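There are 2 protein chains.
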Amino acid sequence: MQASIELLDAEGEDGLTVRALTAHLSTGRGAIYHHVAGKDDLLAAGTDAVIAEVITAAGGDQDPSQALRALALGIFDAIDAHPWVGAQLARQPQPAIFRLWTGIGTLLGDLGVAEPDLPTAGSALVSYVLGASAQYAAGARRAADGEDREAHLQQLAEQWAGDEANPAPGDTAALLVEHDDRDQFLAGVDIFLAGIAAQM
Amino acid sequence: MQASIELLDAEGEDGLTVRALTAHLSTGRGAIYHHVAGKDDLLAAGTDAVIAEVITAAGGDQDPSQALRALALGIFDAIDAHPWVGAQLARQPQPAIFRLWTGIGTLLGDLGVAEPDLPTAGSALVSYVLGASAQYAAGARRAADGEDREAHLQQLAEQWAGDEANPAPGDTAALLVEHDDRDQFLAGVDIFLAGIAAQM
DNA sequence: ACCTGAACACCGTTCAAGT
DNA sequence: ACCTGAACACCGTTCAAGT
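Which chain is which? The protein sequence lines are B and P, in order. Sequence positions in the first sequence follow the numbering used here and run 1387 to 1586. Sequence positions in the second sequence follow the numbering used here and run 1387 to 1586.
1. Starting from the Cα of residue 1438 of chain B, find the closest Cα among B:1420, B:1419, B:1489 and give me that residue.
2. Going by beta-carbon coordinates alone, are residue 1479 of chain P and residue 1528 of chain B separated by less than 8 Å?
3. Please decide whether residue 1400 of chain B counts as near chain P, where near means a Cβ-Cβ distance under 8 Å.
4. What separation, rounded to the nearest whole angstrom, lies between the Cα atoms of residue 1552 of chain P and residue 1430 of chain B?
5. Give the single residue among P:1387, P:1397, P:1449 whose Cα lies nearest to the Cα of residue 1496 of chain P.
6. Measuring alpha carbon to alpha carbon, tell me which residue in B:1444, B:1580, B:1472 is nearest residue 1524 of chain B.
7. Cβ of residue 1451 of chain B less than 8 Å from any chain P Cβ?
8. Roughly how many angstroms lie between the CA atoms of residue 1451 of chain B and residue 1493 of chain B, to the nearest whole one?
9. Give the residues of chain B in contact with residue 1444 of chain P, contact being defined as C-beta atoms less than 8 Å apart.
10. Got a sec: which bits of the stretch 1510 to 1532 of chain B sit with their beta carbon under 7 Å from any beta carbon on chain P, in order along the chain?
11. For residue 1603 of chain P, does the count of other Cβ atoms within 10 angstroms reach 16, so buried, or fall short, so exposed?
12. Against residue 1462 of chain B, what residues of chain P qualify as contacts under a CB-to-CB distance less than 8 Å, listed in chain order?
13. In chain P, which residues lie less than 7 Å from residue 1582 of chain B when you measure between Cβ atoms?
14. Could you tell me which whole beta strand (DSSP E) segments of length 3 or greater appear in the stretch 1405 to 1437 of chain B?
15. What is the DSSP secondary structure of residue 1506 of chain B, counted as helix, strand or coil?
16. With a threshold of 8 Å, are at least 3 pairs of Cβ atoms found where one atom belongs to the stretch 1453 to 1466 of chain P and the other to the stretch 1407 to 1419 of chain P?
17. Express the C-alpha separation of residue 1462 of chain B and residue 1463 of chain P in angstroms, rounding to a whole number.
18. Suppose you measure from the CA of residue 1425 of chain P to the CA of residue 1436 of chain P; what does that come to, to the nearest Å?
19. Can you name, in chain order, every residue of its own chain whose Cβ lies under 7 Å from the Cβ of residue 1569 of chain P, other than the five neighbours on each side?
20. What is the DSSP secondary structure of residue 1498 of chain P, counted as helix, strand or coil?
21. Listing by chain order, which chain B residues have their CB less than 7 Å from the CB of residue 1477 of chain P?
22. Whole angstroms are fine: how far does the CA of residue 1475 of chain P sit from the CA of residue 1501 of chain B?
23. According to DSSP, simplified to helix, strand and coil, what is residue 1492 of chain P?
24. Given a threshold of 16 other Cβ atoms within 10 Å of its Cβ, counted over all protein chains shown, does residue 1433 of chain P qualify as buried or as exposed?
25. 8 Å is my cut-off, CB to CB: does residue 1573 of chain P come that close to chain B?
26. What does the alpha-carbon distance come out to for the pair residue 1412 of chain B and residue 1482 of chain B?
27. Say whether chain P places a C-beta atom closer than 8 Å to the C-beta of residue 1417 of chain B.
28. Return helix, strand or coil for residue 1450 of chain B, following the three-state DSSP convention.
29. Straight-line CA distance for residue 1447 of chain P to residue 1508 of chain P?
30. Looking only at its chain, what residues have a beta carbon closer than 6 Å to the beta carbon of residue 1485 of chain B, apart from the 5 residues adjacent to it on each side?
31. Buried or exposed: which applies to residue 1396 of chain P, given that a residue is buried once 16 or more other Cβ atoms fall within 10 Å of its Cβ?
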């Protein structure tokens, strides 16, 4: 398990091959099939391990509102460090997501959200956290892949400016470039908490 | 392009193979490489085609708040119909996402959100829409895969109830089972809009 | 310019044979 | 019970040869 997480981090999603893994563990290609159902199982188990660690680690805070932010940021940082986790979570619902949902639900309850609203508020916040983390991680990975981030965003903006059906305001590219992913992510969490407070 | 979208819808993400596609088009395996960079390009272009169609189709509504809901629901339904789109969007930022972001930004502006807040509010809403759609689509696909949905959720709940570090309230499983995905998705959009109204 | 399809370098998974 | 590694049935991509 640890070996496959290392492989995924180092080589990306395509780097996890049965051959590479069994070579790293210096065993035969067929050996892992005695411990795991197949490659998919490996990816799922690795994803759950990463998310589960974040959930258990983020238990320290007293203030529920701060605890929610800390938990959300923990997921964000984990997916930033392991981008394959973001892709996997969009592909397959996993046990760890269920634990994240209940953990967030409990904190929202501590915050004063009424019991009948907890499932809706909780799953909306979970969806935001996972969606935003995956989105930022994918963007960051692309930027790190040798592409110049600013040039890429500029190109995106120009490409879209050329789309006549949907013309762009002049400063769109600048707005795209000038922001900090982590701050913007947290601002989204706050929008959510404000909406829940206002409406539930 | 149309052929590969059909293949992806019918056979899933793994069903799009160069061999199946070229057989369907009754041409040689190497022929597509004269029109497209490779398989990844095919998946990216198909994803952009699906999203772009939703964006151009959802232009009818006058009230910006209703237009936002219609656009969000359009993305939700598209990803529900083409689940591979959800997975692809979590893996790679795409031009169509940029257009979605600006489209949502414009509508948020019409709704009265101040210009400096538009990028943050817009990307938060985009992240929610994409994350939630992918999540629900993945869950629905799993349920359709012959698994009994209720039994599966029940099992998830029991599995988690056995986790001693994080005990569950008794009715968690029931709450999981009794909801409509589409309604819950829209409730999340409304939480967002309420949060933006309250805070920006 | 575009297509063909054999060839190449990979995959995940299985399974008889070993320990 | 667990491991080995050859074998099998696939992949995506390339490229000399054709039209």
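The C-beta atom is built at its ideal place from N, Cα and C for all residues, glycine as well. Treat the numbers as computed from the prediction; the structure is a model and nothing was measured.
The answer reads as follows:
1. For residue 1438 of chain B, the closest alpha carbon among the candidates B:1420, B:1419, B:1489 is that of B:1489.
2. For residue 1479 of chain P and residue 1528 of chain B, yes; Cβs fall inside 8 Å.
3. Chain P has no Cβ within less than 8 Å of the Cβ of residue 1400 of chain B.
4. Bear in mind that a pLDDT of 49 at residue 1552 of chain P, under 50, signals an unreliable position, so the model cannot answer this.
5. The shortest Cα separation from residue 1496 of chain P among P:1387, P:1397, P:1449 belongs to P:1449.
6. Sorting B:1444, B:1580, B:1472 by C-alpha distance to the C-alpha of residue 1524 of chain B places B:1472 at the top.
7. Taking 8 Å as the threshold, the shortest C-beta distance from residue 1451 of chain B to chain P does not fall below it.
8. In this structure, the CA atom of residue 1451 of chain B is about 8 Å from the CA atom of residue 1493 of chain B.
9. Simply none; closest approach about 12 Å.
10. From the stretch 1510 to 1532 of chain B, only 1510, 1513, 1514, 1516, 1517, 1518, 1520, 1521, 1524, 1525, 1528 have a Cβ closer than 7 Å to chain P.
11. Because chain P is modelled from 1387 through 1586, residue 1603 of chain P falls outside the range shown and cannot be assessed.
12. Here the premise fails: no neighbours, minimum Cβ distance about 11 Å.
13. For the C-beta of residue 1582 of chain B, the chain P residues within less than 7 Å are, from N- to C-terminus, 1577.
14. As far as the stretch 1405 to 1437 of chain B is concerned, it has no whole beta strand (DSSP E) run of at least 3 residues.
15. Three-state result, residue 1506 of chain B: helix.
16. Not touching, per the Cβ criterion.
17. Roughly 26 Å between the two C-alpha positions.
18. Each residue's Cα considered, the two are about 17 Å apart.
19. A distance below 7 Å between beta-carbons, with the five flanking residues on each side excluded, links residue 1569 of chain P to no residue of its chain.
20. Collapsing the DSSP output to three states places residue 1498 of chain P in coil.
21. What residue 1477 of chain P touches in chain B: 1473, 1524.
22. When rounded, the distance between both Cα atoms is 33 Å.
23. In the displayed model, residue 1492 of chain P falls within a helix according to three-state DSSP.
24. Buried is the call here.
25. When Cβ-Cβ separations below 8 Å define contact, residue 1573 of chain P makes contact with chain B.
26. The straight-line gap from Cα to Cα measures roughly 30 Å.
27. Residue 1417 of chain B does not count as touching chain P.
28. The answer is helix: DSSP assigns residue 1450 of chain B an H, G or I state.
29. Between residue 1447 of chain P and residue 1508 of chain P, the C-alpha separation is close to 19 Å.
30. Non-local C-beta neighbours of residue 1485 of chain B in its own chain, meaning closer than 6 Å and more than five positions away in sequence, comprise 1441, ordered along the chain.
31. The Cβ neighbour count for residue 1396 of chain P, taken over all protein chains shown within 10 Å, is under 16; the residue is labelled exposed.
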